[in-house]
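Trainee:
There are 4 protein chains.
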Amino acid sequence: MPKQIKKLAVLTSGGDSPGMNAAIRSVVRACAYHDIECYGVYRGYEGLMEGDFEPLNARSVKGIINKGGTILKSARSKEFRTKEGRQKAYDKLIEAQIGGLVAIGGDGTFTGAMIFNQEFDFPVMGIPGTIDNDIVGTSHTLGFDTALNTVVDAIDKIRDTASSHNRLFFIEVMGRDVGHIALNVGIAGGAEEILIPEEDLGLDRLVDSLNRSRTSGKSSSIVVVAEGDKIGKNIFQLKEYVDENMEGYDVRVSVLGHMQRGGAPSCFDRVLASRMGVKAVESLLANKTNYMVGLLNGKMELTPLENAIKGKTKINLELLRVSDIMST
Amino acid sequence: MPKQIKKLAVLTSGGDSPGMNAAIRSVVRACAYHDIECYGVYRGYEGLMEGDFEPLNARSVKGIINKGGTILKSARSKEFRTKEGRQKAYDKLIEAQIGGLVAIGGDGTFTGAMIFNQEFDFPVMGIPGTIDNDIVGTSHTLGFDTALNTVVDAIDKIRDTASSHNRLFFIEVMGRDVGHIALNVGIAGGAEEILIPEEDLGLDRLVDSLNRSRTSGKSSSIVVVAEGDKIGKNIFQLKEYVDENMEGYDVRVSVLGHMQRGGAPSCFDRVLASRMGVKAVESLLANKTNYMVGLLNGKMELTPLENAIKGKTKINLELLRVSDIMST
Amino acid sequence: MPKQIKKLAVLTSGGDSPGMNAAIRSVVRACAYHDIECYGVYRGYEGLMEGDFEPLNARSVKGIINKGGTILKSARSKEFRTKEGRQKAYDKLIEAQIGGLVAIGGDGTFTGAMIFNQEFDFPVMGIPGTIDNDIVGTSHTLGFDTALNTVVDAIDKIRDTASSHNRLFFIEVMGRDVGHIALNVGIAGGAEEILIPEEDLGLDRLVDSLNRSRTSGKSSSIVVVAEGDKIGKNIFQLKEYVDENMEGYDVRVSVLGHMQRGGAPSCFDRVLASRMGVKAVESLLANKTNYMVGLLNGKMELTPLENAIKGKTKINLELLRVSDIMST
Amino acid sequence: MPKQIKKLAVLTSGGDSPGMNAAIRSVVRACAYHDIECYGVYRGYEGLMEGDFEPLNARSVKGIINKGGTILKSARSKEFRTKEGRQKAYDKLIEAQIGGLVAIGGDGTFTGAMIFNQEFDFPVMGIPGTIDNDIVGTSHTLGFDTALNTVVDAIDKIRDTASSHNRLFFIEVMGRDVGHIALNVGIAGGAEEILIPEEDLGLDRLVDSLNRSRTSGKSSSIVVVAEGDKIGKNIFQLKEYVDENMEGYDVRVSVLGHMQRGGAPSCFDRVLASRMGVKAVESLLANKTNYMVGLLNGKMELTPLENAIKGKTKINLELLRVSDIMST
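Those sequence lines, one after another, are chains R, Y, Z and U.
All you need for our numbering is the position in the first sequence, starting with 1, plus 915.
All you need for our numbering is the position in the second sequence, starting with 1, plus 915.
All you need for our numbering is the position in the third sequence, starting with 1, plus 915.
All you need for our numbering is the position in the fourth sequence, starting with 1, plus 915.
1) Using only the alpha-carbon positions, how far apart do U:L987 and U:G1044 sit?
2) In terms of alpha-carbon separation, which member of U:E965, U:V1196, U:G1209 and U:M1174 lies closest to U:Q919?
3) Can you confirm whether Z:L1063, when its beta carbon is compared against all beta carbons of chain U, has any partner nearer than 8 Å?
4) Looking only at its own chain, which residues have a Cβ that is under 8 Å from the Cβ of Y:N1212, when we skip the five neighbours before and after it?
5) Label U:D910 either buried or exposed according to how many other C-beta atoms from any shown protein chain fall within 10 Å of its C-beta, with 16 as the threshold for buried.
6) Nearest to Z:F1035 by alpha carbon, out of Z:G1052, Z:T1243, Z:C946 and Z:D1006?
7) Are there 16 or more other CB atoms within 10 angstroms of the CB of U:K1133, so buried, or fewer, so exposed?
8) What is the C-beta distance between Y:A1223 and Y:G934, in whole angstroms, given that I count them as a contact (C-beta under 8 Å)?
9) Kindly list the residues whose CB is nearer than 7 Å to the CB of Z:V1122, restricted to its own chain and excluding five residues on each side of it in sequence; keep chain order.
10) Alpha carbon to alpha carbon, how far is Y:A924 from Y:S932?
11) In its own chain, which residues sit with a C-beta less than 6 Å from the C-beta of U:R1167, not counting the 5 before and 5 after it?
12) Which of the three DSSP states, helix, strand or coil, is assigned to Y:A947?
13) Using the beta-carbon of each residue, which ones in chain R are nearer than 8 Å to Y:E1233?
14) DSSP state of Z:M1040, grouped into three classes?
15) Could you tell me whether the Cβ of U:I1109 comes closer than 8 Å to any Cβ of chain Z?
16) Quick check on the DSSP output: what are the complete alpha helix (DSSP H) runs of length 4 or more inside the segment 980-1015 of chain Y, in order along the chain?
17) State yes or no: is the beta carbon of U:M916 nearer than 8 Å to at least one beta carbon in chain R?
18) Return helix, strand or coil for Z:G955, following the three-state DSSP convention.
19) Let me see if you follow: with CB-CB separation under 8 Å, is Y:T1056 close to chain R or not?
20) Which residue or residues does DSSP assign as beta-bridge partners of Y:S1169?
21) Sorted by chain position, which residues of the same chain lie with C-beta nearer than 8 Å to Z:I1230's C-beta, five sequence neighbours on each side aside?
22) Residue range of the beta strand (DSSP E) that Z:V925 falls in?
23) I believe Z:R1190 touches U:V1237 by the beta-carbon criterion, under 8 Å. Please report the beta-carbon distance rounded to the nearest angstrom.
24) Mind listing the chain A neighbours of Y:D1071? Cutoff is C-beta to C-beta under 8 Å, in chain order.
25) Starting from Z:T1076, find everything on chain Y with Cβ-Cβ shorter than 7 Å and list it in chain order.
26) May I ask you to list, following chain order, the residues of the segment 1152-1167 of chain Y that have a beta carbon less than 8 Å from some beta carbon of chain Z?
27) Quick one: is R:G1104 buried, meaning 16 or more other Cβ sit within 10 Å of its Cβ, or exposed?
28) Can you list the residues of chain Z that Y:I1106 reaches, using a CB-CB cut of under 9 Å?
29) Spell out the partners DSSP gives R:L971 in its beta bridges.
30) Could you list which residues in chain Z have their beta carbon closer than 9 Å to that of Y:V1170, in chain order?
31) Rounded to the nearest angstrom, what separates Z:T867 and Z:T1056 at their Cα positions?
32) What first and last residue would you give for the beta strand (DSSP E) that runs through R:T1243?
33) Express the C-alpha separation of Y:Y960 and Z:G1090 in angstroms, rounding to a whole number.
34) Would you give the residue range spanned by the beta strand (DSSP E) that U:T1218 belongs to?
35) What does the alpha-carbon distance come out to for the pair R:N981 and Z:Y957?
36) Can you tell me whether R:M964 is helix, strand or coil according to DSSP?
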């Protein structure tokens, strides 16, 4: 029979995303609701190995639901990838009589949690916090919705100047391996083309498409490019190619960069974070372990961490088609 | 065998919502993509009866995806509720050789469309555009997500001043019959209590809860109240009751009002609108009629208009519980 | 010869305004820069009388420059209006060896500071923090610029729905005695009429003007009303009058309320706050007392508190004229 | 005796800036108010030479006060720099019986207008529209205030992620020759250092300063860099230098780019644009010519175009000092 958990710990790890603070708050308050003590661990697994954690109560997390970033700070830890590192972390948790860990982050975070669980049979629960939406087992990762709005707002601004000058803009958005951000903001930003890692359009077809677009009467164009797009080695090479192979266009590049990770979370992300925190805590208290909490068909569901890590999210083909039709 | 549709019309009716323009744009561009002529009808059914419509092409809807309101304007029509009114509308459509109608709006709009379809066997397709999210057959109505963000942003601002002054704020949000907006923004805004039409908390329990909240160390509080909440006849009476029955609180009221309907649509609403417009047009072209386009489990699905109108959306009980736990 | 100040205190009092935190941060950091200890006083004069203050260092005010409200909280104090109350406050200051006080607030705050200075010869310096911009001796009070942007954003949203429905909206904005907010947002929001306390248009002329506006082809209209406007006892009576005396308009009312006080301060308010904090501290250190820091012709200037209080700001007649021309 | 002007033209030229549309609207409505016909010229001087203009009335400019970019579009014209080009433009204006020209733009635009005036004695009036605030004769150019808020909002977002990861961020903002944007957003964004073209800090001193900053307990830092800063050839070289010469910092770069030019104008810019448009039209009607309209000490004033072009704005030394004190 599993022993009753009396104390939980929560940490954020890997790249930060909007909604992480709301999730921390939710974990802490769900613990308070169930009379469980909750420890906040600083700087992810780094802090865990150092014992850099402290108790948080319901009031400690006041006023953070609308803050970007993470009050627990985040880090990537090399040492936790070693057996020795994980042993250190385990010792610190046992010492503090902590009986379960909620890890908020992406697939690197989950891999660490899963191995940790396998080695020490220590209860872990993952909450998917990343703007990339590249985790299987949830329709939305924490921060994805906020990042979409941040990017669309930036594209709206760039369009103002693009259409005042009849310019062609290449706008790079985050998404090294997946095009979820690019595809959504491309549609929402009214982009003429969307270049994503999952689909290799080819440079010639891009130039063809832009030429058609201009012929059909569009005087300015926006092309959204995911970081990891395969067409050009990078967006500046893309610009060079178009400069050389298209006439009459004034081509500009904008790399949106790290502002995509910040900002007050959207209502959706705050609600999602609140739901996920409660689900994570209550799942651990129900002696579930090694799962990720996710949103599937509108409901909170658990997915084994292993599946969340191994799986690869698929691009929504319907969206690709909608995007094509919209750039008619 | 149904005849081939060559021309479609699109209108917006009832209360406007963010994303309506994005939906109009999508309907128009999906028509262009399928070489169908598209007419924009002004002022909803009023304009339809008057023949106040004109052809729109892909360029006509340029630059509107990010605009609130509706370029086709909206209205509520008494005359269209009469047989004579609908006959007028039918005559105008036949005269212009229009073979199908996309109606964007809420349940009043859909009721009109359904009766019109039944009487004249005229192909109609509904797109749910309302901030209230009170339509069965779609997890999200157009504008709901944007309105949530607008309201949460306002609550964040009010909280600044509430917590600077140790005040209790009653904030009224839209939702005459349903508490979807209130419930979501209440969680996202960190409200201590959420009063919704679906649940009668009772004034005494409200005062108890606020007292507990203060005892637990909270110096300021926010209570989100849906327009249609049953507790008090209105929010000002609520304030009076609390003024009389609680000591030491400086109680203020804020009615957010019509700003909730406006603003640039969120990325989510723009993408949803784009998907719905395509689905509506292609469904009509596939000779489907009398349906509403909706988002169910992440996919575009059709629901008979009759079901969309008759049904009553249910409040998400999980959210109610999360809200309780968060105000620990 | 005045003694050298070693410790300063800072407080916020009266209604809060965006930029107060930025001003607190600036006062604290200017003290650190000059090796002066700085005390933060909680809840304005209330906390001062109770000795509710603590030392703040440069790191204490980290991350607050972009936060609305005031981390020191604010209050209105009746007791400080009595000689006994002020004596208490003086005793607490002397006990803590504090040699000067920076008071951030409006005319009520300054009146308190001035009387306190006169009675105890205690060095005081005022920073004008109020969204109303009703203080003589500065072209801009802290928070005014932010509030203008907040209100204009709300008006933009309301206009979306107003123009979708051909409606007339009365929008009430803050400004009990002065029309600065109303005048600026009225111009920026494209209002057809602006009703301010300084100018009595008269109800008949308002109706005339709205009728002319409609005749000239405007289908929707926005009228911005300052809280303190003299025309109607309040905005709802205004609506009733227009309902009765104009035909065919669907009249709606929106009272923007307390959200006008909150939100992240604009760049302008943050820079202004930073300048004012430095100026206030350095003026006290230079043995100036009983002044308010202000922005005049782009420069930091001192105005005797007495003048700041007694004076009445004047409405910019050029703006009134521009407003008339714009609603052509 | 100068002849009475019956028709005016307005154009936007050079880089676009938020508020240009509000200025166009104001010029058009001021003309309507004075019963003058107003022509909108497309694509700046290019369109002027081609006769690409059309009459605009008060309704034509409805709903544009809050739109970024310019409905008249903008361009840079090589041909207008030739005598032949200007002759073409003159012929088109005379042909259309237009008696004066309002040119909205920066110093390039004004240089063109001034030469045109000198050659053909044609009445011209400039309105300073550029986000850089680098024009003598006005405390604020149109778009400067909006750009400041856009940049500060982006910095706030980047700070979220910077402080979650203990990172050092170099953020490049616009300002090729002047540091006005950098200096203001640096203060408002709480930057540790601000690198501007007007001041050569030197790379060693930068590294020293960052080291001091870290020693004093700051775990993350933001350095704002104006495009034209002299320290490094560009911001990526700056990063390389710091990577090589400082240990333990994770250095990132963000180039904000063209989004700084777009977006809905702030209240300030809308009001300023409205005032400038009226002043420009009424000055031309009063037979003034070859001036720029500007805001000086809160009032609308005229400055000879020649002075506006030749002069070089100075960095506000008080702001530099405040910035130093704030990064204490």
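Every residue, glycine too, gets a C-beta built ideally from N, C-alpha and C.
Mentor: Taking the structure as given:
1) Residue mapping note: residue 987 of chain U aligns to position 72 of the fourth sequence, counting from 1. Residue mapping note: residue 1044 of chain U aligns to position 129 of the fourth sequence, counting from 1. Near 14 Å, if we compare the C-alpha coordinates of U:G1044 and U:L987.
2) For the purposes of this step, residue 919 of chain U is identified with residue 4 of the fourth sequence, where counting begins at 1. For U:Q919, the nearest C-alpha among the options comes from U:V1196.
3) As a working note, residue 1063 of chain Z is residue 148 in the third sequence. Z:L1063 counts as touching chain U.
4) For the purposes of this step, residue 1212 of chain Y is taken as the residue at position 297 of the second sequence. If we look at Y:N1212 and ignore the five residues flanking it on each side, its Cβ neighbours are S1054.
5) This structure does not reach residue 910 of chain U, given that chain U is present from 916 up to 1243, and the question cannot be answered.
6) Working through the third sequence from its first residue, we reach residue 1035 of chain Z at position 120. Nearest C-alpha to Z:F1035: Z:D1006.
7) Position 218 of the fourth sequence, counting from 1, holds the residue named residue 1133 of chain U. Result: buried.
8) Within the second sequence, numbered from 1, the residue matching residue 1223 of chain Y stands at position 308. Within the second sequence, numbered from 1, the residue matching residue 934 of chain Y stands at position 19. No, Y:A1223 and Y:G934 are not in contact; Cβ-Cβ is about 17 Å, not under 8 Å.
9) Within the third sequence, residue 1122 of chain Z is the residue found at index 207, counting from 1. Result list for Z:V1122: V1157, N1160 and M1161, in chain order.
10) Counting from one through the second sequence, the residue named residue 924 of chain Y turns up at place 9. Counting from one through the second sequence, the residue named residue 932 of chain Y turns up at place 17. So the alpha carbons of these two residues sit roughly 19 Å apart.
11) In the fourth sequence, the residue the question calls residue 1167 of chain U occupies position 252. Here the set comprises R1082 and F1084.
12) In the second sequence, counting from the first residue as 1, residue 947 of chain Y sits at position 32. Reduced to three states, the DSSP call for Y:A947 is helix.
13) What you label residue 1233 of chain Y is simply residue 318 of the second sequence in a count that begins at 1. Here the neighbours are R1190, K1214 and M1215.
14) Locating residue 1040 of chain Z in the third sequence gives position 125, counting from the first residue. Strand.
15) Stepping through the fourth sequence from its first residue, residue 1109 of chain U is reached at position 194. No - not a single Cβ of chain Z is within 8 Å of the one on U:I1109.
16) 998-1010
17) Your numbering for residue 916 of chain U matches position 1 in the fourth sequence. Only weak support is given to the placement of U:M916: the predicted model assigns it a pLDDT of 47, under 50, and the value that follows is read from those uncertain coordinates. Not closer than 8 Å to any Cβ of chain R, the Cβ of U:M916 fails to qualify, so no.
18) For the purposes of this step, residue 955 of chain Z is identified with residue 40 of the third sequence, where counting begins at 1. Reduced to three states, the DSSP call for Z:G955 is strand.
19) The residue given as residue 1056 of chain Y occupies position 141 in the second sequence. Chain R contact via Cβ: absent.
20) Counted from its first residue, the second sequence places residue 1169 of chain Y at position 254. For Y:S1169, which the question treats as bridged, DSSP gives the partners Y:I1086.
21) As a first step, residue 1230 of chain Z must be located in the third sequence, where it is residue number 315. The answer, listed in chain order, is V1093, G1094, H1095, L1098, I1111, E1113 and E1114.
22) As a working mapping, residue 925 of chain Z is identified with position 10 in the third sequence. K922 to T927 is the extent of the beta strand (DSSP E) around Z:V925.
23) The sequence position of residue 1190 of chain Z within the third sequence is 275, counting from 1. The sequence position of residue 1237 of chain U within the fourth sequence is 322, counting from 1. Between U:V1237 and Z:R1190 the Cβ distance is about 5 Å, and since that is below 8 Å, they are a contact.
24) You won't find chain A in this structure, because its protein chains are R, Y, Z and U.
25) The residue labelled residue 1076 of chain Z in the question sits at position 161 within the third sequence. Those within 7 Å of Z:T1076 in chain Y are D931, G984, H1173, R1176 and G1177.
26) R1167
27) Against the first sequence, residue 1104 of chain R aligns to sequence position 189. Flag for R:G1104 reads buried.
28) Looking up residue 1106 of chain Y in the second sequence gives position 191. Per the sequence presented here, residue 1106 of chain Y reads as Ala, with Ile not at that position. Residues of chain Z passing the Cβ test: none, with the nearest at roughly 15 Å.
29) In the first sequence, the residue the question calls residue 971 of chain R occupies position 56. In the DSSP output, where bridge partners are listed per residue, R:L971 has R:C953.
30) The residue you call residue 1170 of chain Y lines up with position 255 of the second sequence. Residues of chain Z passing the Cβ test: S1169, V1170 and G1172.
31) The displayed coordinates of chain Z run from 916 to 1243. Any statement about residue 867 of chain Z would go beyond what the structure contains.
32) Walking along the first sequence from the start, residue 1243 of chain R turns up at place 328. Where R:T1243 is concerned, there is no enclosing beta strand (DSSP E), given that its DSSP letter is neither H nor E.
33) As a working note, residue 1090 of chain Z is residue 175 in the third sequence. As a working note, residue 960 of chain Y is residue 45 in the second sequence. If I take the Cα positions, the gap works out to 42 Å.
34) To locate residue 1218 of chain U, count along the fourth sequence from 1; it is residue 303. Residues K1214 to P1219.
35) Taking the first residue of the first sequence as 1, we reach residue 981 of chain R at position 66. Taking the first residue of the third sequence as 1, we reach residue 957 of chain Z at position 42. Whole-angstrom Cα-Cα distance: 24 Å.
36) By one-based count along the first sequence, residue 964 of chain R stands at place 49. Correct three-state label for R:M964: helix.
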